[in-house]
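Asker: Take a look at this one; I'll ask things after.
Protein chains: 2
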Amino acid sequence: MHEMHFLQDLATVMLVAGVTSVLFQRLGQPVVLGYIIAGVLVGPHALPALLIHDESTIKTLSTLGMILLLFALGLEFSLRKLRKVGMVALVVASCEIILMLWIGYEVGRRFQWTTMDSLFLGAMMSISSTAIITSALDELGLKRERFAQLVFGVLIVEDILAVVLLALLTGIAKTGGLQPLPALAVLGKLGLFIAGSLIGGLLLVPKVVDYVAQGGRDEVLLVAVLGLLFGFCLLVSRMGYSVALGAFMMGALVAEARSLPRVERVIMPLRDMFSAMFFVAIGMLINPRQLWHYAVPVLVITLAVVVGKVVTCALGSYLAGTDGRTSVRIGAGLAQIGEFSFIIASLGLSLHVTSDFLYPVAVAVSALTTLLTPYLIRASDPVATAMTRCLPDWLRGVLVAYTRWIGNLSLRGQSALVMAMIRRLVWHIVINTALVAALFLVTAFAYRHGFFHVAMLSQHPGARRSVAWSVAAVLSLPMLVAVYRKAMALGMLLAELAVPVAVGGEYNLHIRNALARLIPLGVMCVLALLVTALASTILPPRQVVWVLLLAGGVLTWLLWHVLVKVHARFQAALLDVLSRGDS
Amino acid sequence: MHEMHFLQDLATVMLVAGVTSVLFQRLGQPVVLGYIIAGVLVGPHALPALLIHDESTIKTLSTLGMILLLFALGLEFSLRKLRKVGMVALVVASCEIILMLWIGYEVGRRFQWTTMDSLFLGAMMSISSTAIITSALDELGLKRERFAQLVFGVLIVEDILAVVLLALLTGIAKTGGLQPLPALAVLGKLGLFIAGSLIGGLLLVPKVVDYVAQGGRDEVLLVAVLGLLFGFCLLVSRMGYSVALGAFMMGALVAEARSLPRVERVIMPLRDMFSAMFFVAIGMLINPRQLWHYAVPVLVITLAVVVGKVVTCALGSYLAGTDGRTSVRIGAGLAQIGEFSFIIASLGLSLHVTSDFLYPVAVAVSALTTLLTPYLIRASDPVATAMTRCLPDWLRGVLVAYTRWIGNLSLRGQSALVMAMIRRLVWHIVINTALVAALFLVTAFAYRHGFFHVAMLSQHPGARRSVAWSVAAVLSLPMLVAVYRKAMALGMLLAELAVPVAVGGEYNLHIRNALARLIPLGVMCVLALLVTALASTILPPRQVVWVLLLAGGVLTWLLWHVLVKVHARFQAALLDVLSRGDS
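Chains as they are written, first to last, in the working numbering: chain Z, 1 to 583; chain F, 1001 to 1583.
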């Protein structure tokens, strides 16, 4: 009987969604709106004849839709692309998100909503919709233009920041407020987790996917990729982060596989089916009568989103050195909210910190801004012209001067080379430090989940902790050696720069040497503190620590060359995966 | 929490299935076996660590797998292909199914199993596996050979007969035995339903699918096709037939759309994901310990399937006029059981008429025969040679004579032309009669479900019945006129053949005329009886019938030309859909 109900629900959802999506396609509107309308129709508030029997099953399937949606976004994201769009996208996205968070919060407070509601409203308003922009630019035939490339860059950065935002909001909702230190700890742990699994994943996932793809059967490839995806989502959610993060990261990892086109071909239909479910489930939460009651906030928020996003994104682009016309076009392209806003809204609901009305309001605002998007993009050129004409002369002068100044900012010649070297060394140190910290974190996580409670060790918690700690330490030895070597190099480079040959006479060499030693020492101290703080649950008793450290030192001394070689090979493999598409 | 469990189950299933399917692919074995093994591993009987939390969700998804599996089979099936392979496939499939049903039943009885268990065992043994044969022939590179084409023809016919078998088994299980008359009624109704929805569907479904496909978005096409599929499955299951039938028929209907390749591209990944679930769910039902207990039956049944299928299929092919060597190859290709056997086994379980052990036994036999299939196909040539050598001379003579006789059987010249004309007329009469009957059946079904209980009519059941009956009658007028005209033509043709010019002298014309009138009269009487019997629930009061008949007669007389035109257009549209691919 349960299966019959399920079939009936599925048939209802798919039939109604089919009709509305065909209709919206014919009307030239985004299909996503059709799905949401279908959800309103089959939901508990509209037509009783179409009522769904088992909402929970539809919602479970919609979770799958969210996972596949973000996985597909991750597939289109790539670390290489991100490096290309670089700073401009980062500036625009940060500017947009921070300002929109603030605007959204203020709007919420004006309506006398609670702090949490206002905060979530700000978060919802801060992230634009990749799905809607992509389809709008596609339909307008503007996908290849320069501004569109910048918009996609901003969207990529936004997707990452949105995931961070999700983690932050979860933290705030659970602790009740934003304490700077715990928030930093949350962010730090999250960053370490992301860095660790990205690097570990880059070494493993593309290889596994390509190995499976070699077999030549789409069926097996699909099942294996889904296994990786769901498995990783499960792990991520067990660690207390959102499945959205896991899905996006797994997508970014699979995107580095050679067989990406085949993966995309088999995944897209699944994404289409389940994301239809996702949007239908969103529609099902809307009560049209309640929406009518909130008509004023919906209109105000819509206005705030459109005006706010156009202004903040255009401002960000301009500050990052883009010309005025392109900046306005970028702003117009990003002026709507979509799937991430729904994810944030549902997060608020599931954490029981936001009010019921917030979700339908977000959906209504998304629908209105989505409808406006194509018109805004078309209108951006006249708007830019009008804005330029309205500016007072002195402001126009300042703007032109700013554009010229930022254009001259980049370094040239030898100092640029030295800066590039320093930047590379710092990057190496940061990444390897992050990896070490991530290793200790993962070991601590495994320890908490009883991974080291094997029979032989179960007698003595101290012994268990020592083993766990030793495992993490041994595994991180190649990274530790790398950090030390890069820190040495950095120290020497900085010493040479800081103490010119003229200074200090015969002591010159000694001063340089001292400086060159100080930097690796400092780096290692920071690393030690970090590890001690992060892995406090698996810190062995003090006397054991000293023994272990001594043993580790001897081991490092003996195996120095092996460790250097291991790390070099590891780094080469990583660079190979990342540079594959460039060649 | 429910969603987390669901995600965990999905992750477990997909991870284990991913590993086993990659493994089986590397070993060169069918991936399906990998899925089944994965099911055993995550099922309740093997590894407690991998236990699935919510079996019912996995089973619900496996129902989707079954629907999509049969839909994909239907997509590959096409009415045109069926016309080409024609009689040979029908003879082989009928021969195989009837004999294997009997062999299976006898085997079951020898093991002292109940009548129902034995009957279902026979049914399971009677249908070969399209999925396994297709992949085996693909891997052996034999897909283009003539015997492979015949094998595919047999599989198509088998798929149809299997669906009929499912309906019959349901009937038997519900009534407790096979009474000839109710069974015939079930079969007749089923045939009418299939004919009616195939013809109605051919006029509608390809057009709808092509219309949606014109929009150009795969997403919308996918959702619309799924809507049609699930909706039709729901209707079919509401009418008391299996969803498998609905899925297969909808596949056959969509297969006539011009945009079939696109539909196949978007549907296949979904089928792959959910059919993996389907086979995993099958594996979950297996208890290895129980299977060990039933090792002897499994081996005996495996032997019976292999030997029985090779012999019965080869016999059927030979009787249908294929040469000996090809016949043995066809037999070897068809010697295994697969997905349909699982569907039949699960039908028995869900109707509570078969024992628990039957399902795992079927799965084990399927696994063994699947493993044997490639070897059997490779061995078929030597086997055929050996068999020819072993035959006594007289039998070989008989066989050669039979082949020659059946080769000479087909008609030639004018009589062949006349036979073709008669066959066409009979077909037209049968199809139109079936359509009329189907129309009345559907109206009666709608009546029973309160479709005619509108306020105005609700006072008087007689009035309601009259309205329903009139609707059906008016809708079937074009078909009735067509039946009458074709019957007239048939009558004249037969009269001319039966009464040569030499007979009867001057009365010759009168005799011919009388004969020519008798046949349409007889056909109309049969039709009237059929309608009365089938639509007894909506038969109006007697005096109303006469009035309605009179009104119908006058209407027919007035609109004769219109009705002929309507039917001609209808027929032209149908032929257009069917002949599309030929041009």
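Heads up, the beta-carbon is just placed ideally off N, CA and C, and yes, glycines get one too.
(1) Taking 7 Å as the CB-CB cut-off, is Leu1260 (chain F) touching chain Z?
(2) Provide the residue span of the alpha helix (DSSP H) that contains Thr170 (chain Z), from first to last.
(3) Against Met273 (chain Z), what residues of chain F qualify as contacts under a CB-to-CB distance less than 8 Å, listed in chain order?
(4) What first and last residue would you give for the alpha helix (DSSP H) that runs through Glu1339 (chain F)?
(5) 7 Å is my cut-off, CB to CB: does Phe451 (chain Z) come that close to chain F?
(6) Contact criterion: CB-CB distance below 7 Å. Does Ala276 (chain Z) meet it with respect to chain F?
(7) Quick check on Phe230 (chain Z) - is its C-beta less than 7 Å from some C-beta in chain F?
(8) DSSP on Ala11 (chain Z), reduced to helix/strand/coil?
(9) Evaluate Cys233 (chain Z) with the Cβ neighbour count: other Cβ atoms within 10 Å of its Cβ, from every protein chain shown; 16 or more gives buried, anything less gives exposed.
(10) Can you pull out the residues from the stretch 200 to 219 of chain Z whose beta carbon lies closer than 7 Å to at least one beta carbon of chain F?
(11) What number of angstroms, rounded off, separates the C-alpha of Ala437 (chain Z) from the C-alpha of Val236 (chain Z)?
(12) If you measure beta-carbon to beta-carbon, which residues of the stretch 435 to 449 of chain Z are closer than 7 Å to chain F?
(13) Mapping the DSSP letters down to three states, classify Met1 (chain Z) as helix, strand or coil.
(14) Using three-state DSSP, classify Gly581 (chain Z) as helix, strand or coil.
(15) Please confirm if the stretch 1117 to 1136 of chain F is in contact with the stretch 1188 to 1204 of chain F, defined as three or more CB-CB distances below 8 Å between the two stretches.
(16) Whole-angstrom Cβ separation of Leu140 (chain Z) and Pro382 (chain Z), contact assumed at under 8 Å?
(17) Taking the alpha carbon of Ala1446 (chain F) as the reference point, which residue from F:Ala1463, F:Gly1122 and F:Trp1469 has its own alpha carbon closest?
(18) Can you grab the Cα-Cα spacing for the pair Ala304 (chain Z) / Ser126 (chain Z), in whole Å?
(19) From Ile1511 (chain F) to Ile1103 (chain F), what distance separates their C-alpha atoms?
(20) Just tell me which of F:Ser1366, F:Leu1075 and F:Ile1519 has its CA closest to the CA of Leu1260 (chain F).
(21) Here's the rule I'm using: 16 or more other beta-carbon atoms within 10 Å means buried, otherwise exposed. How should Cys525 (chain Z) be labelled?
(22) So with CB distances below 9 Å, who are the chain Z contacts of Gln1543 (chain F)?
(23) Does the stretch 549 to 568 of chain Z touch the stretch 469 to 480 of chain Z, meaning 3 or more C-beta pairs lie closer than 8 Å?
(24) Check the Cβ-Cβ distances between Leu1150 (chain F) and every residue of chain Z, and say whether any is below 7 Å.
(25) Applying the 10 Å Cβ sphere with the 16-neighbour rule, what's the burial state of Asp272 (chain Z)?
(26) Does any residue of chain F have a CB that is nearer than 7 Å to the CB of Ala598 (chain Z)?
(27) Skipping 5 residues on each side, what residues in its chain have a beta carbon closer than 6 Å to that of Pro541 (chain Z)?
(28) Pop quiz: Gly231 (chain Z) and Leu1015 (chain F) are said to be a contact at Cβ under 8 Å. What is the actual Cβ separation, rounded to whole angstroms?
(29) Taking only beta-carbon atoms, is Val1014 (chain F) less than 7 Å away from chain Z?
(30) On the criterion of 16 or more Cβ atoms from any shown chain inside 10 Å, does Asp9 (chain Z) qualify as buried, or is it exposed?
(31) Residues in the same chain with beta-carbon distance under 8 Å from Met421 (chain Z), minus the five sequence neighbours each way, listed in chain order, please.
(32) For the stretch 230 to 245 of chain Z, list every residue whose C-beta sits within 8 Å of some C-beta in chain F, in sequence order.
(33) Expressed to the nearest angstrom, what Euclidean distance is found between the alpha-carbon atoms of His5 (chain Z) and Lys1059 (chain F)?
(34) Locate the alpha helix (DSSP H) running through Pro1540 (chain F), then write down its first and last residues.
(35) Can you list the residues of chain F that Gly18 (chain Z) reaches, using a CB-CB cut of under 7 Å?
(36) Between the alpha carbons of Gly43 (chain Z) and Met66 (chain Z), how many angstroms are there, rounded?
Answerer: Looking at the coordinates:
(1) The residue labelled residue 1260 (chain F) in the question sits at position 260 within the second sequence. False, the Cβ-Cβ gap to chain Z never drops below 7 Å.
(2) Stepping through the first sequence from its first residue, residue 170 (chain Z) is reached at position 170. Arg146 to Thr175 is the span of the alpha helix (DSSP H), which, as asked, contains Thr170 (chain Z).
(3) Sequence index remark: in the first sequence, residue 273 (chain Z) carries index 273 (1-based). By Cβ distance, chain F contributes Leu1222, Val1223, Leu1226 and Leu1270.
(4) Taking the second sequence and counting its residues from 1, the one referred to as residue 1339 (chain F) is at position 339. Note, Glu1339 (chain F): alpha helix (DSSP H), Glu1339 to Ser1350.
(5) Translated into the one-based positions of the first sequence, residue 451 (chain Z) becomes position 451. Cβ-Cβ to chain F under 7 Å: no for Phe451 (chain Z).
(6) Translated into the one-based positions of the first sequence, residue 276 (chain Z) becomes position 276. It does; some Cβ of chain F falls within 7 Å.
(7) Stepping through the first sequence from its first residue, residue 230 (chain Z) is reached at position 230. Judged by the 7 Å Cβ criterion, Phe230 (chain Z) is in contact with chain F.
(8) For the purposes of this step, residue 11 (chain Z) is taken as residue 11 along the first sequence, with counting starting at 1. Three-state result, Ala11 (chain Z): helix.
(9) Here residue 233 (chain Z) refers to the residue found at position 233 when the first sequence is read from its first residue. Its Cβ being crowded by 16 or more others within 10 Å, Cys233 (chain Z) is buried.
(10) Val212, Gly215, Arg217, Asp218 and Glu219
(11) In the first sequence, residue 437 (chain Z) corresponds to position 437, counting from 1. In the first sequence, residue 236 (chain Z) corresponds to position 236, counting from 1. So the two alpha carbons sit approximately 17 Å from each other.
(12) none
(13) One-based indexing of the first sequence puts residue 1 (chain Z) at position 1. Confidence at Met1 (chain Z) is low in this model, with a pLDDT of 48, below 50, so its placement is unreliable and the value that follows should be read with caution. Of the three classes helix, strand and coil, the one that applies to Met1 (chain Z) here is coil, per DSSP.
(14) For the purposes of this step, residue 581 (chain Z) is identified with residue 581 of the first sequence, where counting begins at 1. Only weak support exists for where Gly581 (chain Z) lies, its pLDDT of 48 falling under 50; the value from the coordinates is given anyway. In this structure, Gly581 (chain Z) counts as helix in the three-state DSSP scheme.
(15) no
(16) By 1-based counting over the first sequence, the position of residue 140 (chain Z) is 140. By 1-based counting over the first sequence, the position of residue 382 (chain Z) is 382. That belief does not hold up - the Cβ atoms of Leu140 (chain Z) and Pro382 (chain Z) are roughly 15 Å apart, past 8 Å.
(17) As a working mapping, residue 1446 (chain F) is identified with position 446 in the second sequence. Comparing Cα-Cα distances from Ala1446 (chain F) to each of F:Ala1463, F:Gly1122 and F:Trp1469, the minimum goes to F:Trp1469.
(18) Here residue 304 (chain Z) refers to the residue found at position 304 when the first sequence is read from its first residue. Here residue 126 (chain Z) refers to the residue found at position 126 when the first sequence is read from its first residue. Distance between the alpha carbons of Ala304 (chain Z) and Ser126 (chain Z) is about 11 Å.
(19) Along the second sequence, one-based indexing puts residue 1511 (chain F) at 511. Along the second sequence, one-based indexing puts residue 1103 (chain F) at 103. When rounded, the distance between both Cα atoms is 53 Å.
(20) Along the second sequence, read from residue 1 onward, the residue named residue 1260 (chain F) stands at position 260. Leu1260 (chain F) has its Cα closest to that of F:Leu1075, out of F:Ser1366, F:Leu1075 and F:Ile1519.
(21) Indexing the first sequence from 1 puts residue 525 (chain Z) at position 525. Classification of Cys525 (chain Z): exposed, given that the 10 Å Cβ count is below 16.
(22) Counting from 1 along the second sequence, the entry for residue 1543 (chain F) is found at position 543. Near Gln1543 (chain F) there are no residues of chain Z at all, since even the closest Cβ is about 37 Å away, more than 9 Å.
(23) yes
(24) Translated into the one-based positions of the second sequence, residue 1150 (chain F) becomes position 150. Chain Z, which has no Cβ nearer than 7 Å to the Cβ of Leu1150 (chain F), makes this no.
(25) Along the first sequence, read from residue 1 onward, the residue named residue 272 (chain Z) stands at position 272. Result: buried.
(26) Absent from the structure is residue 598 (chain Z), since the part of chain Z shown begins at 1 and ends at 583.
(27) As a working note, residue 541 (chain Z) is residue 541 in the first sequence. Excluding sequence neighbours, Pro541 (chain Z) sits near Gly462.
(28) Here residue 231 (chain Z) corresponds to residue number 231 of the first sequence, with the count starting at 1. Here residue 1015 (chain F) corresponds to residue number 15 of the second sequence, with the count starting at 1. 5 Å between Cβ atoms; contact.
(29) Numbered from its first residue, the second sequence carries residue 1014 (chain F) at position 14. Before going on, a small fix: residue 1014 (chain F) reads as Met here, not Val. It does; some Cβ of chain Z falls within 7 Å.
(30) Taking the first sequence and counting its residues from 1, the one referred to as residue 9 (chain Z) is at position 9. It is buried - the Cβ of Asp9 (chain Z) has at least 16 other Cβ atoms within 10 Å.
(31) In the first sequence, residue 421 (chain Z) corresponds to position 421, counting from 1. Once the five neighbours on either side are set aside, the close Cβ partners of Met421 (chain Z) are Leu493.
(32) Phe230, Gly231, Cys233, Leu234, Ser237 and Val243
(33) The residue given as residue 5 (chain Z) occupies position 5 in the first sequence. The residue given as residue 1059 (chain F) occupies position 59 in the second sequence. Cα to Cα, the separation comes out at about 13 Å.
(34) Your numbering for residue 1540 (chain F) matches position 540 in the second sequence. Looking at the DSSP string, Pro1540 (chain F) is not in any alpha helix (DSSP H), and its letter there is neither H nor E.
(35) Along the first sequence, read from residue 1 onward, the residue named residue 18 (chain Z) stands at position 18. Ordered by position in chain F, the residues that pass the 7 Å Cβ test against Gly18 (chain Z) are Val1223, Ala1224 and Gly1227.
(36) In the first sequence, counting from the first residue as 1, residue 43 (chain Z) sits at position 43. In the first sequence, counting from the first residue as 1, residue 66 (chain Z) sits at position 66. For Gly43 (chain Z) and Met66 (chain Z), the distance between alpha carbons rounds to 19 Å.
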